[in-house]
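Below you'll find the structure, written out as structure tokens, and then a few comments.
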Amino acid sequence: MSTTAERTATKTYRNLIGGEWAEARSGKTFTSVSPANHDEVVGVFPASGPEDVDAAVGAAMAAFPAWSLMPAPKRGEILFKVARLLAEHKEELSRLMTREMGKVLTEARGDVQEAIDVAYYMAGEGRRMFGMTVPSEMPDKFAMAIRRPIGVVGLITPWNFPVAIPGWKLFPALICGNTAVIKPASDTPACAVRFVELLMEGGIPDGVVNVVTGSGTDVGHALVEHPDVRVISFTGHTETGIDISRRAADTLKRVSLELGGKNPIVIWEDAELQLALDSVVWSAFGTSGQRCTAASRLIVHRGVHDEFVEMLRKRVGALVLGDGLDPATDVGPVINDVAVDRIDGYMRVGRGEAELVVGGRPARDGALAKGSFFEPTIFTEVKPDARIAQEEIFGPVTSVIPVTSWDEAVRIVNSVKYGLSSSLFTRDVNLAFRSIRDFDSGLGYVNHGTIGAEAHLPFGGTKSTGNGHREVGQAALDFFSEWKSVYVDYSGKLQRAQIDMTFVDQE
Ligand code: NDP
591 MSTTAERTAT KTYRNLIGGE WAEARSGKTF TSVSPANHDE VVGVFPASGP
641 EDVDAAVGAA MAAFPAWSLM PAPKRGEILF KVARLLAEHK EELSRLMTRE
691 MGKVLTEARG DVQEAIDVAY YMAGEGRRMF GMTVPSEMPD KFAMAIRRPI
741 GVVGLITPWN FPVAIPGWKL FPALICGNTA VIKPASDTPA CAVRFVELLM
791 EGGIPDGVVN VVTGSGTDVG HALVEHPDVR VISFTGHTET GIDISRRAAD
841 TLKRVSLELG GKNPIVIWED AELQLALDSV VWSAFGTSGQ RCTAASRLIV
891 HRGVHDEFVE MLRKRVGALV LGDGLDPATD VGPVINDVAV DRIDGYMRVG
941 RGEAELVVGG RPARDGALAK GSFFEPTIFT EVKPDARIAQ EEIFGPVTSV
991 IPVTSWDEAV RIVNSVKYGL SSSLFTRDVN LAFRSIRDFD SGLGYVNHGT
1041 IGAEAHLPFG GTKSTGNGHR EVGQAALDFF SEWKSVYVDY SGKLQRAQID
1091 MTFVDQE
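Per the numbering used here, the very first residue in the sequence shown carries number 591; after that it's consecutive.
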């Protein structure tokens, strides 16, 4: 399809419930528009409500017995097919993502690739999913622990990784034998629905995966409060996560929350500055700064501060803003005009607290006039407790905080309420290991920016970034399965654990 035809194609999408494509029971709809050009409607979607959620949960419940009893290696074979199909459709999905969400095409391809990687990884888990066998404390007794599926899981996802995050949540949930209802972000429903269409094509049985589009209030609340949903996995704002936690408490759901970040890169005086520069530009301005792992604080040693800030000013000032489908674009739009206004509000705050080095305004000239664009922005001489150094701005804005000692750097790294990702640039191996020990975050990097997590290691953060769970890797299996400890006694007599076998020296 030519870019123009691609740009003008508006499609009507439906919910997926029990293998059937369905409108909202109310018949209401909403649209998703491109952040690069608000005149471009990407799709029309069901504005669903609690009755649609109820139908989807019912379909997931009905599909659960057969799916959970299917041998895990067979479920894995289906996920392998899905992974291959996603890989075949990677370009199409990536282009749809750039249209709907704005990130530049190379990054959209990376987003889809993450889902493919997790699909392959979890497909392989179908033949592992290790439990444990341990020696029993009694003779003639066998002891083991196995993983069991839980039931219907509700997945509530944000717009910034509209394929990767549904994939991160869904594939481990499925390989463990659960069935799912996905509620995608209202800014990126087309990505989610197309993703799920491909899963169905790959052979996921009807009802195992369901999608209900609509608002957080109408669909999100109903899913979180539904008595037949056993698990909620959520990624989004910290405030939303707290609300979900409270609502889920009445039905004692298992809840995983992946929330905000205020991620630091520490640039030490011995750092390789060119490498640090490349990494900072990628980590702070990739996805227009709308990553939970975005580097929004640069803690820079005074000894290299002026040189580094000058390098950064030149590089960031030359970044090209534009449509993510245009190969000349470095930085795409932010998600919508509400985001532009929020980021702009932080400019007023930042000018009162620090020095503006570059950027600082919404970009509305020429080809950018119909979209939601914001200039890549740097502040320096930022105090560690300034609002722009503490609050998640979620846009192309980063704050430089000068430091003179290691203890001061560690204190500042840990001075925010979040703890997702952190990074250190240094050639000093001792400092590198100290950063691993002392920076309070779920992800740590040395001589690499704050972004770039891989699918087979646990992903998540400390403090207000979450509630202690981790996504992907082996850790995701722990969240999406229930442990069952099993004892088989083949002694033929009553053996009382803790009573009949006491090895304590009683003399
Ligand atoms: P939101 O919290 O606004 O929304 C996330 C999802 O929750 C959307 O599907 C939204 O629906 C839904 N939702 C909103 N309110 C409720 C509610 N009360 N009950 C149930 N569901 C609700 O976050 P954003 O989409 O704006 O995503 C950005 C945030 O996500 C940032 O804070 C970012 O740091 C965080 N994030 C964290 C990651 C991590 O792993 N730690 C990774 C990526 C992002 P609707 O769209 O209809 O409003």
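Don't be surprised by glycine CBs; every beta carbon is placed ideally from N, CA and C.
Beta-carbon proximity check, residue i vs residue j, cutoff 8 Å
i: residue 692; j: residue 914; result: yes
i: residue 824; j: residue 683; result: no
i: residue 632; j: residue 780; result: yes
i: residue 701; j: residue 860; result: no
i: residue 940; j: residue 978; result: yes
i: residue 669; j: residue 626; result: no
i: residue 813; j: residue 744; result: yes
i: residue 909; j: residue 953; result: no
i: residue 760; j: residue 772; result: yes
i: residue 1005; j: residue 974; result: yes
i: residue 887; j: residue 923; result: no
i: residue 990; j: residue 969; result: yes
i: residue 803; j: residue 762; result: no
i: residue 704; j: residue 757; result: yes
i: residue 778; j: residue 690; result: yes
i: residue 614; j: residue 644; result: no
i: residue 856; j: residue 933; result: no
i: residue 865; j: residue 897; result: no
i: residue 1033; j: residue 883; result: yes
i: residue 1050; j: residue 1061; result: yes
i: residue 947; j: residue 899; result: yes
Check: residue i C-beta below 7 Å from any heavy atom of the ligand NDP
i: residue 775; result: yes
i: residue 1158; result: There is simply no residue 1158 to check, as the chain begins at 591 and stops at 1097 in what is shown.
i: residue 882; result: yes
i: residue 873; result: no
i: residue 814; result: yes
i: residue 751; result: yes
i: residue 834; result: yes
i: residue 746; result: yes
i: residue 787; result: no
i: residue 984; result: yes
i: residue 1038; result: no
i: residue 1010; result: yes
i: residue 895; result: no
i: residue 633; result: no
i: residue 1063; result: no
i: residue 805; result: yes
i: residue 988; result: no
i: residue 891; result: no
i: residue 1058; result: no
i: residue 879; result: no
i: residue 1055; result: yes
i: residue 827; result: yes
Same chain, Cβ closer than 7 Å to residue i, neighbours up to 5 away in sequence not counted
i: residue 1073; result: 735, 737
i: residue 1007; result: 1053, 1054
i: residue 699; result: 680, 684
i: residue 1098; result: There is simply no residue 1098 to check, as the chain begins at 591 and stops at 1097 in what is shown.
i: residue 843; result: 819, 820, 821, 822
Own chain residues within Cβ distance below 6 Å of residue i, not counting five before or after
i: residue 600; result: 631
i: residue 982; result: 850, 852
i: residue 606; result: 786, 800, 801
i: residue 828; result: 849, 850, 1054
i: residue 834; result: 814, 824
i: residue 608; result: 649, 796, 797
i: residue 962; result: 625, 923, 924, 926, 927, 930
i: residue 872; result: 1039
i: residue 980; result: 1006
i: residue 711; result: 1045, 1046
i: residue 716; result: 662, 663, 665, 666, 765
Rounded Cβ spacing between residue i and residue j (contact assumed at less than 8 Å)
i: residue 1058; j: residue 885; result: 24 Å between Cβ atoms; not a contact.
i: residue 739; j: residue 658; result: 4 Å
i: residue 985; j: residue 1055; result: Wrong, their Cβ atoms sit about 18 Å apart, outside the cutoff.
i: residue 870; j: residue 653; result: 46 Å between Cβ atoms; not a contact.
i: residue 719; j: residue 662; result: 6 Å
i: residue 976; j: residue 944; result: 6 Å
Option in the options with minimal Cα separation from residue i
i: residue 634; options: 651, 603, 660; result: 603
i: residue 1085; options: 1014, 876, 816, 730; result: 730
i: residue 1014; options: 1035, 716, 828, 971; result: 1035
i: residue 672; options: 791, 947, 613, 664; result: 791
i: residue 796; options: 995, 610, 1076, 674; result: 610
i: residue 1067; options: 943, 1089, 997, 713; result: 713
i: residue 960; options: 660, 935, 930, 937; result: 930
Cutoff 8 Å; reference residue i; Cβ partners in own chain excluding five residues on either side
i: residue 815; result: 837, 838, 840, 841
i: residue 1041; result: 872, 873, 876, 881, 883, 884, 885, 1011
Closer than 8 Å to chain C by CB, residue i
i: residue 759; result: Of the protein chains in the structure, only one exists, and it is not chain C.
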